[in-house]
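Just below is one structure, and these are the notes that go with it.
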Amino acid sequence: MRVEMITSPQNQWVLEAKKLKQKKYREARGQFLVDGLRLAEEAVKSGKVIEAYYHDTLSGTERGEALLKSLSATGCRFFQVSSRVLDTLAETETPQGIILVAERRAAGLKDLAGKAFAPQSDADAGSGKGSSVGDRAASAGPGQGPELLVVMDSVRDPGNLGAVLRTLWAAGGRGLICLKGTTDPFGGKAVRASMGGIFNVPVCVERDWDEVARWAIRQGYSVVAADIREAEDYRRYVWPKKTMLCVGNEGRGLITVKPEDIAARVMIPLAGGAESLNAAVAAGILIYEACR
Numbered sequence: 001m002r003v004e005m006i007t008s009p010q011n012q013w014v015l016e017a018k019k020l021k022q023k024k025y026r027e028a029r030g031q032f033l034v035d036g037l038r039l040a041e042e043a044v045k046s047g048k049v050i051e052a053y054y055h056d057t058l059s060g061t062e063r064g065e066a067l068l069k070s071l072s073a074t075g076c077r078f079f080q081v082s083s084r085v086l087d088t089l090a091e092t093e094t095p096q097g098i099i100l101v102a103e104r105r106a107a108g109l110k111d112l113a114g115k116a117f118a119p120q121s122d123a124d125a126g127s128g129k130g131s132s133v134g135d136r137a138a139s140a141g142p143g144q145g146p147e148l149l150v151v152m153d154s155v156r157d158p159g160n161l162g163a164v165l166r167t168l169w170a171a172g173g174r175g176l177i178c179l180k181g182t183t184d185p186f187g188g189k190a191v192r193a194s195m196g197g198i199f200n201v202p203v204c205v206e207r208d209w210d211e212v213a214r215w216a217i218r219q220g221y222s223v224v225a226a227d228i229r230e231a232e233d234y235r236r237y238v239w240p241k242k243t244m245l246c247v248g249n250e251g252r253g254l255i256t257v258k259p260e261d262i263a264a265r266v267m268i269p270l271a272g273g274a275e276s277l278n279a280a281v282a283a284g285i286l287i288y289e290a291c292r
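Using the working numbering, read the sequence shown as starting at 1 and increasing by one per residue.
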């Protein structure tokens, strides 16, 4: 493995990688930054690593050594960097000694029609046609289970988006759809909050609701909105086998999802005078209920 040493933040490779902190460059080049050990490990598993920038402190730990060995096997470009360079590329205050440039591979809607991501303890979710509201239990045979997609409508907080992606991965969801106006799931804060979910769950970006709604109808999904207006208690709702759960903006709720396309609205009851839940927390509760 050939390793080039970079000590100047003005190095051309570093300057080009640094541009990926901006959405326009991530989109134009189809790449994004990965900051930290845990995310780097998931990036290696995904096979999407293009460049690796590491500080020599990484090789001082067993975990770091293992990561470097795995990275070298990918054939990516390898750079050892100074602390100044690492700080230039890092998006965290205390970088862990490794920054990667990874392929930004956004999914298309057709990619969501394939095999679902299932937790290791569960059976394969299968890919057969879904059922309507009320008959999920009767239609889900051996080796089949709920098929959940989550739609983010104008969600602006990258931490919330990343946390939803992380939960969707853990629960065995099929994919995430970000409508236009939603923060970039490949931005640094969202990627870190996903804790590897960005590499394990298909993510569609910059979608128009009308396009998504037409696709959902053809695929047999029921559109369910997380809402507090005229909504049913999520614990009493009979979740369809194929659910498209829509989560709205933190302050304004659903913005581009059209009311006429919504089959049902569900709510989480609040006690003790509480007015609301964090968007990611509320989505997490509903995701696990829909996947149960």
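Beta carbons: idealized from backbone N, C-alpha and C, even for Gly.
Owing to the predicted nature of the structure, the values given are computational and were not obtained by experimental measurement.
_Considering just the uninterrupted stretch of the alpha helix (DSSP H) at Ala263, what are its terminal residues?_
Unbroken run through Ala263: none, as it is neither H nor E.
*asked:* I'd like to know whether the C-beta atoms of Ala190 and Leu149 end up nearer to each other than 7 Å.
replied: no
_Just to confirm the assignment, what range does the beta strand (DSSP E) spanning Cys246 have?_
Taken as a continuous stretch (DSSP letters only), the beta strand (DSSP E) holding Cys246 covers Lys242 to Val247.
*Let me know if Thr7 comes out buried or exposed under the rule of 16 or more other beta-carbons within 10 Å of its beta-carbon.*
exposed
*Which whole-angstrom value is the C-beta distance of Phe32 and Leu20, which I expect to be below 8 Å?*
6 Å
*How long is the line joining the alpha carbons of Pro185 and Arg26, rounded to whole angstroms?*
11 Å
*What span of residues does the alpha helix (DSSP H) with Glu230 cover, start to end?*
Counting along the chain, Glu230 falls outside any alpha helix (DSSP H), and DSSP gives it neither H nor E.
*Which whole runs of the alpha helix (DSSP H) in the stretch 56-107 are 4 residues long or more, in chain order?*
The stretch 56-107 contains these whole alpha helix (DSSP H) runs: 62-74 and 83-89.
*Determine the burial state of Arg207: buried for a count of at least 16 other Cβ atoms within 10 Å of its Cβ, exposed for fewer.*
buried
*Please report the residue range of the alpha helix (DSSP H) in which Arg166 lies.*
Pro158 to Ala171
_For Trp13 and Val151, I'd like the C-alpha separation in whole angstroms._
36 Å
_Please list the terminal residues of the continuous alpha helix (DSSP H) segment that includes Glu41._
Leu37 to Ser46
*Cβ atoms of Val81 and Tyr53: under 7 Å apart, would you say?*
yes
*Should Glu65 be labelled buried (16 or more other beta-carbon atoms within 10 Å of its own) or exposed?*
exposed
*Determine the DSSP secondary structure at Phe199, reduced to helix, strand or coil.*
helix
*Please name the residue in Trp169, Leu100, Ile177 and Ala90 whose C-alpha comes closest to that of Lys110.*
Ile177
*Tell me whether the beta-carbon of Val224 lies closer than 7 Å to the beta-carbon of Ala283.*
no
*In chain order, what residues of the same chain lie with their CB nearer than 7 Å to the CB of Ala40, ignoring the 5 residues before and after it?*
Val34, Leu67, Ile98 and Leu100
*Count the other CB atoms, across all protein chains shown, that sit within 10 Å of the CB of Asp233; report buried if there are 16 or more and exposed otherwise.*
In summary, Asp233 is exposed, with fewer than 16 beta-carbon neighbours lying within 10 Å of its beta-carbon over all protein chains present.
*For Arg77, collect the residues of the same chain with a Cβ closer than 6 Å to its Cβ; drop the 5 residues on either side in sequence, then sort them by chain order.*
Glu51
*So Cys246 and Val257 are in contact, right, with Cβ under 8 Å, and what is the actual spacing, rounded?*
5 Å
*Exposed unless 16 or more other CB atoms sit within 10 angstroms - verdict on Lys48*: buried
_Give me the DSSP bridge partner(s) of Tyr237._
DSSP, once it has assigned bridges, lists no residue as partnering Tyr237.
*Taking all protein chains shown into account, do 16 or more other C-beta atoms lie within 10 angstroms of the C-beta of Ala43, making it buried, or fewer, making it exposed?*
Buried, since its Cβ has 16 or more Cβ neighbours within 10 Å.
*Option nearest Glu260 by Cα separation, candidates Leu112, Asp210, Gly60 and Arg192*: Asp210
*Exposed or buried, what is Thr182 when buried is set at 16 or more other beta-carbons lying within 10 Å of its beta-carbon?*
buried
*Is the stretch 270-284 close to the stretch 156-176, with three or more CB pairs under 8 Å?*
yes
*asked:* Let me confirm a value: Ser222 is counted as buried when at least 16 other C-beta atoms fall within 10 Å, else exposed. Which label applies?
replied: buried
*Using the beta-carbon count (16 or more within 10 Å), is Arg214 buried or exposed?*
It counts as exposed.
*Does DSSP classify Ile217 as helix, strand or coil?*
helix
*Identify whether Gly188 lies in helix, strand or coil by the three-state DSSP scheme.*
helix
*Buried or exposed: where does Leu86 fall if 16 or more other Cβ atoms within 10 Å of its Cβ makes it buried?*
buried
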